[in-house]
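Taking the working numbering, the leading residue of the sequence shown gets 919, the next gets one more, and so forth.
For each residue, glycine too, the CB sits at the ideal point set by N, CA and C.
None of the values given here were measured: they were computed from a predicted structure.
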Amino acid sequence: MPDYIKIHTLVEEFRRDLMKQLEEFEMETVREVEKRVEKRATQEYRSNIKSITKLAMLRKDNVENFIRLVKAIEAIENRKGEIDSSFKQDLKSRLGFNDWQVEALIDFVQIGRAYEQLKLNKEKVLEHLEV
919 MPDYIKIHTL VEEFRRDLMK QLEEFEMETV REVEKRVEKR ATQEYRSNIK
969 SITKLAMLRK DNVENFIRLV KAIEAIENRK GEIDSSFKQD LKSRLGFNDW
1019 QVEALIDFVQ IGRAYEQLKL NKEKVLEHLE V
């Protein structure tokens, strides 16, 4: 009978060690997948920013795309409230942008607004300090 207890104890220790190793492997795998997904998303986002940057360069062969970009930016700028999915869908279908490009354009406009506000506040602070 004591042999069964030793065997059972060994089996339980083995099971615990195995479960611990499996959990560690799972956590490591999840971290690796998250890193890869984040890297891929960042690469796609940068790619779409580059494609928008190319559209922003006004050249003879790029006039139509430039106009599409300007229309999209103006539509986003004129949107005062939340930008909902129907508005995004409208931009995609009407102006021919993909999901990522629409998101990048929205970010572009929001960053532009923040930059303008920063410049305005900087001027106010400088005026206040001079007084």
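Here the C-alpha atom of ARG954 lies approximately 30 Å from the C-alpha atom of LEU1009. Shown here, ASN996 sits in a helix according to DSSP, grouped into three states. In the DSSP annotation of this structure, the continuous segment of the alpha helix (DSSP H) that includes PHE1026 starts and ends at 1017-1048. Taken atom to atom, the span from the alpha-carbon of LYS998 to that of THR971 is near 24 Å. Take the alpha-carbon of ILE991 and the one of GLU950: they are about 37 Å apart. Note on ASN966: 16 or more other CB atoms within 10 angstroms of its CB, so buried under the neighbour-count rule. DSSP, reduced to helix, strand and coil, places ILE925 within a helical segment of the structure shown.
ASP1017 and GLU944 have their C-alpha atoms some 32 Å from each other. Here the alpha carbon of MET975 sits roughly 20 Å from the alpha carbon of GLN1028. With a beta-carbon spacing of about 6 Å, ILE1024 and ILE1001 fall inside the 8 Å limit used to define contacts.
Residue state for MET937 is assigned as helix, using DSSP reduced to three classes. Buried is the label assigned to LEU987, since at least 16 other Cβ atoms lie within 10 Å of its Cβ.
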